[in-house]
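Student: Below is the structure I would like to discuss, written out as structure tokens.
Protein chains: 2
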Amino acid sequence: MTLVMAVALPKLQENTHPLDRLHDLLSDDMNAVNSMILARMNSPVTLIPQLAGYLVAAGGKRIRPLLTLASAKLCGADMARAHRLATAVEFIHSATLLHDDVVDESHERRGQKSANVVFGNTASVLVGDFLFSRAFQLMVEDGSLTTLKILSDASAIIAEGEVLQLSTQNNLKTTMDDYLKVIEGKTASLFSAACEVGPVIAGSPASYQDALRAYGLSLGMAFQIVDDVLDYNAEREKLGKTVGDDFREGKITAPILMALEKATSSELDFWKRTLQDKEQSDQDLRQAQDFLRQHGAYDRGLALAKNYGMRALESLNILPSGALTSSLADLVTFTLNRSH
Amino acid sequence: MTLVMAVALPKLQENTHPLDRLHDLLSDDMNAVNSMILARMNSPVTLIPQLAGYLVAAGGKRIRPLLTLASAKLCGADMARAHRLATAVEFIHSATLLHDDVVDESHERRGQKSANVVFGNTASVLVGDFLFSRAFQLMVEDGSLTTLKILSDASAIIAEGEVLQLSTQNNLKTTMDDYLKVIEGKTASLFSAACEVGPVIAGSPASYQDALRAYGLSLGMAFQIVDDVLDYNAEREKLGKTVGDDFREGKITAPILMALEKATSSELDFWKRTLQDKEQSDQDLRQAQDFLRQHGAYDRGLALAKNYGMRALESLNILPSGALTSSLADLVTFTLNRSH
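Chains as they are written, first to last, in our numbering: chain A, -10 to 329; chain B, -10 to 329.
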């Protein structure tokens, strides 16, 4: 618990949910992006809008395009350009979701059957490729080689992160450093790129670009670590969310690494059997949760997330104060405080 | 047979294999591209070069990067730029091969186990994504928004073609128009883009760009139609190649469409059972080949390919004559004459 106490987070500056507040502050822009998402996922090949529309209709928080819009508006960018890039960012994210669900053999996403279950793995792979290509077409239309570089670099890093995750799965030799590289790749790099393109198209000074890139990166790290901790949180079950997906897939995440670090030899046998050898029975998730609790893995995981959260907040310091900047700050606090 | 007789193809201008001749004419450039392929598929995530290297080591004709190099050299382009774009083109192609093998549940590629069998579907999907991203990074390094547009458009069209193919698979209502759209997407669009980027980076007149784009498109159409006809050619078996993959997968290709057009009602029952309802026994491929032969589907398929081949040759007319242009012409003749 010490680490948790060591970092004092600011209180939320408004009582409304910071994502709702960002949606309010950017409602016209977000409407434009939603329209563009629908328009640009279209294709004469009807299976493409059907499948992509299924994913889009399932909702999602649209956090990445919101980050692009907020960082762009904050820097005074031409918002028509920001709409295009926010759409590109969301398409890259959608493509990775479609491919992830195939890779993880997922059955559910956002509380409904995942696209691979409804349309098949094949269609999910190919429509993911389409959305990814479409994202690059949007960036080319925007015409900035700098944003193309930022987002193509992020795309390569996402894929590297996903492949590294594959190598660390079911592998108890995974280090904290490996884990941090995985989540930086699969999550933080796109958060970072989504934030960085705003100041780029605004022609802002390099310090703004550095600040928003760093903010997005740290926010993304915090977001994913909290996600990985919550995947073991039994409280989620009360809300109808699944718990233990990472455990069943043998993903080596922050809470597991923290429990492994302090594991007795019989606990180590348990983790070997369940995560490495993939031999799991119905009671094992409960047992895993107990071990995590005993070793303070939840609190230590959240403390790690808070360290990143503090860095994200610090990055915002040089930006002009205002409703958008304070919403971005609240988003950090909210990310760290969410319990499901 | 009439159509075949109607179009007279020029004889090969040299006796050596035109791909070998292109490799000879462009050997320094091709060596540079091969080195760049190896260098740029590298990653600290070792599974990436392992899997990508496995695909690359399996060989392949490298026809697409050769087209980029030939068109670039022909137009007097800076060949260092051409190397980068040829590598990008090969990476886009490699990414689609990796995804195709997952989609088709292939077991073999180029006479060895396909990457999805050796490394798993998951890794193939993700390494495909990496190569695709890397292709865009290479294009961004080159820095031409025009080539980025050409290749991102081609990538979207490839994905559309692949999804359309999925919709036409096992579907006897597929029309010749649908089929032509599928192969234009999945094959001809990248041939076309590979040729078009050469004159673009050379700053050639628009007429050269139009000519090489049209050449690549028609060559790609001819190439794929011949491929689809040869998939039913029993002669290939003598060379140890597999025959009947398309039949087993229920792909509706040119020879099938030509046999369907003339099918009796009992033949139609046969095609419905084997291709639509996917009920096949060991003797069915032989029967399918007999029906194709009876209805002249081989010759009519090849005649269709020859029409495209003639268009490809016509497109070359405005280009300066020389060894490269005549090799590109020979490539058309070779494509149409290959029997395996």
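All residues carry an ideal CB built from backbone N, CA and C; glycine is no exception.
1) Near Leu120 of chain A, what residues of its chain come up, given a Cβ to Cβ distance below 8 angstroms and the 5 sequence neighbours on each side ignored?
2) Glu97 of chain A bridges to which residues according to DSSP?
3) Leaving aside the five residues before and after Met(-6) of chain B along the sequence, list all residues of the same chain whose C-beta is less than 6 angstroms from its C-beta, in chain order.
4) With a threshold of 7 angstroms on Cβ separation, who are the neighbours of Ser304 of chain A within its own chain once the five nearest residues in sequence on each side are excluded?
5) Between which two residues does the alpha helix (DSSP H) harbouring Val321 of chain B extend?
6) Between Asn296 of chain B and Gln269 of chain B, what straight-line distance do the alpha-carbon atoms span, to the nearest angstrom?
7) Could you work out which residue in B:Val45, B:Ser16, B:Ala318, B:Ala124 is closest to Gln101 of chain B when comparing CA atoms only?
8) Taking just the CA atoms, how far does Ile190 of chain A sit from Lys138 of chain A?
9) Going by other Cβ atoms of all chains shown within 10 Å of its Cβ, with 16 needed for buried, is Gly187 of chain B buried or exposed?
10) What residues in its chain sit with their C-beta under 6 angstroms from that of Arg300 of chain B, if we drop five residues either side in the sequence?
11) For the alpha helix (DSSP H) containing Ala200 of chain A, name the first residue and the last one.
12) Counting Cβ pairs, one atom from each stretch, are 3 or more of them under 8 angstroms apart for the region 238 to 245 of chain B and the region 311 to 325 of chain B?
13) Please list, in chain order, the chain B residues whose beta carbon lies closer than 8 angstroms to that of His88 of chain A.
14) Counting pairs of Cβ atoms below 8 angstroms between the region 116 to 132 of chain B and the region 47 to 54 of chain B, do you hit three or more?
15) Please report whether the beta-carbon of Asp18 of chain B lies at a distance below 9 angstroms from any beta-carbon of chain A.
16) Do the region 152 to 171 of chain A and the region 19 to 36 of chain B meet, that is, are 3 or more Cβ pairs less than 8 angstroms apart?
17) Pick helix, strand or coil for Ser144 of chain B, following the three-state DSSP scheme.
18) Would DSSP call Thr111 of chain A helix, strand or coil?
19) Mind pulling the alpha helix (DSSP H) runs of 4 or more residues that sit fully within the region 250 to 300 of chain B?
20) With Gly298 of chain A and Ala195 of chain A assumed to form a contact (beta carbons below 8 angstroms), what rounded beta-carbon distance in angstroms separates them?
21) Span of the alpha helix (DSSP H) holding Cys184 of chain B?
22) With 9 angstroms set as the bound, which would you pick, yes or no: does the beta-carbon of Val152 of chain A sit closer than that to a beta-carbon of chain B?
23) Can you tell me the Cα-Cα spacing of Asp67 of chain A and Gly174 of chain B, whole angstroms?
24) Helix, strand or coil for Ile307 of chain B, going by three-state DSSP, please let me know.
25) Closest by CA to His72 of chain B, which one among B:Asn306, B:Ser254, B:Gly48, B:Ser24?
26) When the Cα atoms are used, what is the spatial distance from Ala59 of chain B to Leu11 of chain B?
27) May I ask you to list, following chain order, the residues of the region 68 to 81 of chain A that have a beta carbon less than 8 angstroms from some beta carbon of chain B?
28) From this set, B:Thr253, B:Ala277, B:His96, which residue's C-alpha is nearest Leu264 of chain B's C-alpha?
29) Tell me whether Gly209 of chain A is buried or exposed, calling it buried when 16 or more other Cβ atoms sit within 10 Å of its Cβ.
30) Pull up the CB-CB distance for Gly290 of chain A and Ile214 of chain A, whole angstroms please, since I reckon it's below 8 angstroms.
31) Can you check whether the C-beta of Phe125 of chain B is within less than 9 angstroms of a C-beta belonging to chain A?
32) Out of B:Tyr168, B:Leu313, B:Pro309, B:Gln272, which has the shortest C-alpha to C-alpha gap to Met247 of chain B?
33) Give the DSSP-derived three-state secondary structure of Pro7 of chain A in the structure shown.
34) What is the residue span of the alpha helix (DSSP H) that Thr76 of chain B lies within?
Tutor: On the basis of the data shown:
1) As a position in the first sequence, residue 120 of chain A is number 131, starting the count at 1. Hits under 8 angstroms: Met30, Ala41, Phe80, Ile81, Ser83, Ala84, Leu87.
2) For the purposes of this step, residue 97 of chain A is identified with residue 108 of the first sequence, where counting begins at 1. Glu97 of chain A is bridged to A:Lys102.
3) As a working note, residue -6 of chain B is residue 5 in the second sequence. For Met(-6) of chain B, the predicted structure reports a pLDDT of 41, less than 50, and the residue's modelled location is therefore unreliable. A value from the coordinates is still provided. Excluding sequence neighbours, Met(-6) of chain B sits near nothing in its chain.
4) In the first sequence, counting from the first residue as 1, residue 304 of chain A sits at position 315. Counting only Cβ-Cβ distances below 7 angstroms, and skipping sequence neighbours, we find Ala200, Ala203, Tyr204, Ser207.
5) For this step, residue 321 of chain B is matched to residue 332 along the second sequence. Looking at the DSSP string, the run of the alpha helix (DSSP H) that includes Val321 of chain B is 312 to 326.
6) Within the second sequence, numbered from 1, the residue matching residue 296 of chain B stands at position 307. Within the second sequence, numbered from 1, the residue matching residue 269 of chain B stands at position 280. Distance between the alpha carbons of Asn296 of chain B and Gln269 of chain B: 33 angstroms.
7) The residue labelled residue 101 of chain B in the question sits at position 112 within the second sequence. The candidate whose alpha carbon is nearest that of Gln101 of chain B is B:Val45.
8) Indexing the first sequence from 1 puts residue 138 of chain A at position 149. Indexing the first sequence from 1 puts residue 190 of chain A at position 201. Each residue's alpha carbon lies about 13 angstroms from the other.
9) Within the second sequence, the letter at position 198 stands for residue 187 of chain B. Label assigned to Gly187 of chain B: buried.
10) Taking the first residue of the second sequence as 1, we reach residue 300 of chain B at position 311. Result list for Arg300 of chain B: Ser207, in chain order.
11) Counting from one through the first sequence, the residue named residue 200 of chain A turns up at place 211. That run of the alpha helix (DSSP H) goes 195 to 219.
12) no
13) On the first sequence, position 99 is the one that residue 88 of chain A refers to. Ordered by position in chain B, the residues that pass the 8 angstroms Cβ test against His88 of chain A are Val114, Leu115, Asp118.
14) no
15) Your numbering for residue 18 of chain B matches position 29 in the second sequence. No, no contact with chain A.
16) yes
17) In the second sequence, residue 144 of chain B corresponds to position 155, counting from 1. Ser144 of chain B: helix per DSSP, three-state reduction.
18) Translated into the one-based positions of the first sequence, residue 111 of chain A becomes position 122. If DSSP states are grouped into helix, strand and coil, Thr111 of chain A belongs with the helices.
19) 254 to 260, 273 to 283
20) One-based indexing of the first sequence puts residue 298 of chain A at position 309. One-based indexing of the first sequence puts residue 195 of chain A at position 206. So it is not a contact: roughly 24 angstroms between Cβ atoms.
21) As a position in the second sequence, residue 184 of chain B is number 195, starting the count at 1. First-last of the alpha helix (DSSP H) with Cys184 of chain B: 178 to 191.
22) By one-based count along the first sequence, residue 152 of chain A stands at place 163. With 9 angstroms as the cut-off, Val152 of chain A counts as an interface residue toward chain B.
23) Mapped onto the first sequence, residue 67 of chain A falls at position 78. Mapped onto the second sequence, residue 174 of chain B falls at position 185. Looking at the two C-alpha atoms, the distance is approximately 35 angstroms.
24) Taking the second sequence and counting its residues from 1, the one referred to as residue 307 of chain B is at position 318. Correct three-state label for Ile307 of chain B: coil.
25) Locating residue 72 of chain B in the second sequence gives position 83, counting from the first residue. When only C-alpha atoms are compared, the closest one is B:Ser24.
26) Numbered from 1 along the second sequence, position 70 holds the residue referred to as residue 59 of chain B. Numbered from 1 along the second sequence, position 22 holds the residue referred to as residue 11 of chain B. Cα to Cα, the separation comes out at about 7 angstroms.
27) none
28) For the purposes of this step, residue 264 of chain B is taken as the residue at position 275 of the second sequence. The residue with the shortest Cα to Cα distance from Leu264 of chain B is B:Ala277.
29) Counting from one through the first sequence, the residue named residue 209 of chain A turns up at place 220. Gly209 of chain A comes out buried.
30) Position 301 of the first sequence holds residue 290 of chain A. Position 225 of the first sequence holds residue 214 of chain A. Between Ile214 of chain A and Gly290 of chain A the Cβ distance is about 6 angstroms, and since that is below 8 angstroms, they are a contact.
31) As a first step, residue 125 of chain B is located in the second sequence; it is residue number 136 there, counting from the start. Taking Cβ atoms only, chain A reaches closer than 9 angstroms to Phe125 of chain B, which makes this a yes.
32) Here the question's residue 247 of chain B lines up with position 258 in the second sequence. Answer by Cα proximity: B:Tyr168.
33) Within the first sequence, residue 7 of chain A is the residue found at index 18, counting from 1. Looking at Pro7 of chain A - three-state DSSP - the assignment turns out to be helix.
34) As a first step, residue 76 of chain B is located in the second sequence; it is residue number 87 there, counting from the start. Taken as a continuous stretch (DSSP letters only), the alpha helix (DSSP H) holding Thr76 of chain B covers 68 to 92.
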